[in-house]
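Trainee: Dumping the structure here so I can ask a few things about it.
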Amino acid sequence: MRRTNAVATIDRRAFVSRLLAACPQSLVITGLGSSSYDVFAAGDRPENFYLWGAMGGAAVVGLGLALAQPERSVVVITGDGEQLMGLGALSTIGAQQPVNLSIVVLDNGHFGETGMQPSHTSLGTSLSAVARGCGIGNIVEIDEMDSVESLAQVVNSRQDCTFAQVHIRADELPRALPPRDGVYLKNRFRAALGLAPF
């Protein structure tokens with residue numbers, strides 16, 4: 448079945464802002480591009496780790512962090528294009544099932560960073576079905592902004608490994624660029640976790 452996001456009504460930036468406001472203690476990993484801009488626009492903080500140029504790596508970085516920090520909620524916020532590049536990570540996440548990990552995919556059905564070409568999610572691929580097939584415990588598809596609070600409750604409860612596919616409008620929003628210094632971001636994040644610079 449072919450799905451497009453032509454009728455999606457969720458504003459990505461407003462959704463991310465509301466989600467993060469409702470999950471203030473969460474550790475946040477972002478995928479490259481627009482998801483990093485959205486998280487930064489919602490308010491920069493040391494507990495945000497922005498990935499620059501690591502396409503396909505957000506979910507697996509989130510997995511490692513969730514396993515290393517089991518008492519903290521870990522939220523990965525990424526886009527459909529980035530997640531499509533890292534499908535294999537979903538199998539490993541399904542095998543590990545860290546209950547404190549939530550993968551939130553902002554799906555506009557396009558590769559936003561390279562010219563808004565249609566992504567595979569608008570050509571028939573269901574990321575939710577892939578995540579379900581990989582054995583991830585809790586699968587959520589979100590088509591309405593009002594669902595953000597229920598997703599935040601899941602994140603904060605740390606009771607199930609969660610994959611949320613959020614169908615957003617295919618908007619091109621102004622870029623809000625987080626810091627690009629990888630060493631600075633790493634050391635700031637480590638300090639927020641009470642760890643020494645490395």
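Take the position in the sequence shown, starting the count at 1, then add 447; the result is the number in my numbering. Don't be surprised by glycine CBs; every beta carbon is placed ideally from N, CA and C.
1) Round the Cβ separation of residue 618 and residue 459 to the nearest angstrom and send it over; I've been treating them as touching at under 8 angstroms.
2) Can you list the alpha helix (DSSP H) stretches of 4 or more residues lying completely in the stretch 481–513, in chain order?
3) Could you work out which residue in 474, 454 and 463 is closest to residue 637 when comparing CA atoms only?
4) Are the beta-carbon atoms of residue 478 and residue 525 separated by less than 8 angstroms?
5) Sorted by chain position, which residues of the same chain lie with C-beta nearer than 6 angstroms to residue 449's C-beta, five sequence neighbours on each side aside?
6) Restricting to Cα atoms, I'd like to know which of 547, 542 and 506 is closest to residue 528.
7) In terms of residues, what are the limits of the alpha helix (DSSP H) holding residue 518?
8) What did DSSP end up calling residue 448 once you bin it into helix, strand or coil?
9) Out of 643, 542 and 476, state which residue places its alpha-carbon closest to the alpha-carbon of residue 552.
10) So, is residue 574 buried or exposed, given that buried needs 16 or more other C-beta atoms within 10 angstroms?
11) Note down, in chain order, each residue of its chain lying with its Cβ closer than 8 angstroms to the Cβ of residue 606, except the 5 sequence neighbours on either side.
12) Between which two residues does the beta strand (DSSP E) carrying residue 550 extend?
13) Out of 594, 609, 625 and 616, which one is the CA nearest neighbour of residue 465?
14) With H, G and I counted as helix, E and B as strand and the rest as coil, what does DSSP make of residue 454?
15) Helix, strand or coil: which one does DSSP assign to residue 676?
16) On a CA-only basis, which of 469, 520, 454 and 535 is nearest residue 608? Give me that one, please.
17) Kindly indicate the opening and closing residues of the alpha helix (DSSP H) around residue 537.
18) Quick one: complete beta strand (DSSP E) runs, 3+ long, within the stretch 574–638?
19) May I ask you to list the residues that DSSP assigns as paired with residue 522?
Mentor: In brief:
1) Yes, they are in contact, since the Cβ atoms of residue 618 and residue 459 sit about 7 angstroms apart, within 8 angstroms.
2) 481–488
3) Minimum Cα distance to residue 637 is reached at 474.
4) yes
5) Low per-residue confidence applies at residue 449: pLDDT is 38, beneath 50, and the placement is therefore not dependable, though the value from the model is reported in the following sentence. Excluding residues within five positions, the ones whose Cβ falls inside 6 angstroms are 571.
6) 506
7) Residue 518 -> no alpha helix (DSSP H), and no H or E assigned at all.
8) Low local confidence applies: a pLDDT of 31 at residue 448 is under 50, so the model's placement there is unreliable, with the coordinate-based value given in what follows. Of the three classes helix, strand and coil, the one that applies to residue 448 here is coil, per DSSP.
9) 476
10) buried
11) 546
12) 548–554
13) 594
14) coil
15) As shown, the chain starts at 448 and ends at 645. That puts residue 676 outside it, with no answer to give.
16) 520
17) 534–543
18) 585–589 and 609–614
19) 475 and 549
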